[in-house]
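Read the structure below first, then the notes.
Protein chains: 2
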Amino acid sequence: MSKLTALARHTSSAQEDYLKALYGLGAVEAAVPPSRLARELDVSPASVTDMLAKLAVLGLVTHDRAHGARLTPTGRGVALEMVRHHRLLEAYLVQALGYRWDEVHDEADRLEHCISEVLEQRMFQALGGPSFDPHGDPIPSTRGSLPREHDRCLLACKAGDRVRLSRVSDREPEKLRALRALGLELGTAFEVVGESRWEGPLELRLNQRLVQVPLGLARIAFVH
Amino acid sequence: MSKLTALARHTSSAQEDYLKALYGLGAVEAAVPPSRLARELDVSPASVTDMLAKLAVLGLVTHDRAHGARLTPTGRGVALEMVRHHRLLEAYLVQALGYRWDEVHDEADRLEHCISEVLEQRMFQALGGPSFDPHGDPIPSTRGSLPREHDRCLLACKAGDRVRLSRVSDREPEKLRALRALGLELGTAFEVVGESRWEGPLELRLNQRLVQVPLGLARIAFVH
DNA sequence: TAGCTAGCTTAGGCGTGCCTAAGACTTGGA
DNA sequence: TCCAAGTCTTAGGCACGCCTAAGCTAGCTA
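Protein chains in written order, with my numbering: chain V, -7 to 216; chain L, -7 to 216.
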């Protein structure tokens, strides 16, 4: 990964969004089809073609029609920087400023593009060097390494499994509020009592209480 | 002033910069010539003409050739919101994250455009409702009122004056570092021993020490 | 193998925010 | 009074990031 930060490299917000999305779609390991990226970013396929061409010129992605787009090592570096900014900001907003886990995503999405390396570092230090954000996602190190995740989706659990909530998707605030309302926070221990049948809810035992978890919530929850 | 926040009103970063600059140049009280604004923002006069036309359509400025540009009440509201964001961010960075007073300006200039009202409020609360930023500039209230400033420029002081540093311009980090190196911080008390003669330095007595203050530093310092 | 369809790219266009170059208006001095 | 200088606007253009519409390609199915 390049030593230059995204700020010094003057990548635009939009470019950073594309790189971050590519990273999230696994463009480090395998090529990502443009259509997938278009859906993710809610832009037209034509826009994706344009932007991928620009990013290719900048040496941030490789791109051929047969396979799709992949991040170069430099592109991965920029993407990881954005992911680090995003997750660190989420952690900071929750721990230092009293945000709830359902309030931080949009704020972090805006701020991640304009914080300096200095601010990043100060927040990191203020939090004592956190490893995870408020949704259980790992915060990449400055060198770009990520702890391997061993969790599995709540949907994949079998009746009788005793697990803890380890991670949730940060995308949908409403679902996050619903999970919290059911008593599910990061680290909450519970037992899976009933698996989902015919797309019905899962049933959990949590603090002696039986709790029904709709499919849509179970899908964004991960446990170990 | 409109109740809508700049975010909800979707003013662009650039528009907000123009409004803030106009506010700083006194476009509430008197019309500001476009050339002055162009110099301030380091853009061409033609760009200013363009942008003022857009802002006029949005009802944020009035603009006639004879006089120049003035902020409407709504425009003043947006400008003050940016000023509030900027100064609050500066205060937060210094007090909560250990920045020095010469490090905060650029960071705040970027962040002021993308923080939510929620974040603004959380920072305000975390600081206990501060009235001034680290350079002694007053932080406007949400309703847009500003405490009146009674300070005067250090340059205007006479020999024998006993005063305290109350405010400095936040624009030039190097000068801020130089002031600090001379022992001058907000609230520092000193006596003016010698006024500037033939554009030479002022002389101050500060903690029994005699200190020479170059004209360029005295110009950005204010006292009361 | 031929044709259809899904997916990608090209072409052309739009709004924003900037630019330079050239014209118009004002204002003060000769 | 009239010219010169400074100021402001107009005209035309560029990069960015997006769009729609139309064309191309490739792979699957009949």
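We put the beta carbon where it would ideally sit given N, CA and C, even for glycine.
For residue i and residue j, which I take to be in contact (beta-carbon distance under 8 angstroms), what is that distance rounded to the nearest angstrom?
i: tyrosine 84/V; j: leucine 119/V; result: 6 angstroms
i: glutamate 104/L; j: histidine 142/L; result: No, glutamate 104/L and histidine 142/L are not in contact; Cβ-Cβ is about 26 angstroms, not under 8 angstroms.
i: alanine 171/V; j: valine 160/V; result: Here residue 171/V turns out to be leucine, not alanine, going by the sequence shown. The Cβ separation is near 6 angstroms, so the contact holds.
i: aspartate 94/L; j: leucine 168/L; result: 4 angstroms
i: valine 40/V; j: proline 26/V; result: 4 angstroms
i: alanine 45/L; j: proline 37/L; result: That pair is no contact at about 13 angstroms.
Whose C-beta lies closer than 6 angstroms to the C-beta of residue i among residues of the same chain, with five residues either side of it excluded?
i: glutamate 183/L; result: Arg154 and Arg197
i: serine 5/V; result: His105
i: leucine 33/L; result: Ala13
i: glutamate 146/L; result: For the record, residue 146/L in the displayed sequence is leucine; it is not glutamate. These residues qualify, in order along the chain: Ala210, Ala213 and Val215.
i: tyrosine 10/V; result: Met43
i: glutamine 117/L; result: none
i: leucine 47/L; result: Val53
i: glutamate 82/V; result: Val96, Ala100, Asp125 and Pro126
i: glycine 192/V; result: none
i: valine 203/L; result: Leu174 and Leu196
i: alanine 181/V; result: Arg156
In or out: residue i buried (at least 16 other Cβ within 10 Å) or exposed?
i: aspartate 162/L; result: buried
i: lysine 235/L; result: Because chain L here runs from -7 to 216, residue 235/L falls outside it and cannot be looked at.
i: serine 158/V; result: buried
i: glycine 128/L; result: buried
i: glutamate 166/L; result: exposed
i: lysine -5/V; result: With a pLDDT of 43 at lysine -5/V, under the threshold of 50, the modelled position of this residue cannot be trusted; read the value that follows with caution. With fewer than 16 Cβ atoms within 10 Å of its Cβ, lysine -5/V is classed as exposed.
i: arginine 156/L; result: exposed
i: valine 205/L; result: buried
i: glutamate 8/V; result: buried
i: alanine 22/V; result: exposed
i: leucine 80/L; result: buried
i: valine 221/V; result: Outside the modelled stretch of chain V, which goes from -7 to 216, sits residue 221/V, for which no answer is possible.
i: arginine 114/V; result: buried
Once the 5 residues before and after residue i are set aside, which same chain residues still bring their CB inside 8 angstroms of it?
i: glutamate 164/L; result: Ile212
i: serine 188/L; result: Leu147, Leu194, Leu207 and Ala210
i: arginine 201/V; result: Gly175
i: valine 24/V; result: Leu14, Leu17, Gly18, Gly60, Ala61 and Arg62
i: glutamate 112/V; result: Arg76, His77 and Leu80
i: proline 130/L; result: Arg79, Ser123, Phe124, Leu138, Pro139 and Glu141
i: arginine 144/L; result: Phe214, Val215 and His216
Who are the Cβ neighbours of residue i in its own chain at under 7 angstroms, not counting the five residues just before and after it?
i: valine 20/V; result: Leu63 and Arg68
i: valine 75/V; result: Lys12, Tyr15 and Pro132
i: glycine 179/V; result: Arg156 and Leu157
i: arginine 28/L; result: Leu17
i: threonine 3/L; result: Val70
Notebook entry, point to check: Where in the region 5 to 81 of chain L do unbroken runs of the alpha helix (DSSP H), each at least 4 residues long, occur, reported from the N-terminal end onward?
Noted result: DSSP assignment within the region 5 to 81 of chain L yields the following whole alpha helix (DSSP H) runs of 4 residues or more, N-terminal first: 5 to 16, 26 to 33 and 37 to 49.
Next item on the list: Could you say if the region 67 to 76 of chain L and the region 0 to 17 of chain L meet the contact criterion of at least three C-beta pairs nearer than 8 angstroms?
Entry: Yes: the two stretches touch, three or more of their Cβ pairs being nearer than 8 angstroms.
Margin query: Report the start-end ranges of each alpha helix (DSSP H) in the region 100 to 136 of chain V that is 4 residues or longer and not cut off at the edges.
Written below: If we require 4 residues or more, the alpha helix (DSSP H) runs fully inside the region 100 to 136 of chain V come out as 109 to 118.
Next item on the list: For the region 51 to 65 of chain V and the region 88 to 100 of chain V, state whether three or more C-beta atom pairs, one from each stretch, are separated by less than 8 angstroms.
Entry: Contact between the region 51 to 65 of chain V and the region 88 to 100 of chain V is absent, with fewer than three C-beta pairs closer than 8 angstroms.
Note to self: In chain order, what are the residue ranges of uninterrupted alpha helix (DSSP H) at least 4 long that sit wholly in the region 160 to 206 of chain L?
What the structure shows: Taking 4 residues as the minimum length, the alpha helix (DSSP H) runs contained wholly in the region 160 to 206 of chain L are 165 to 173, in order along the chain.
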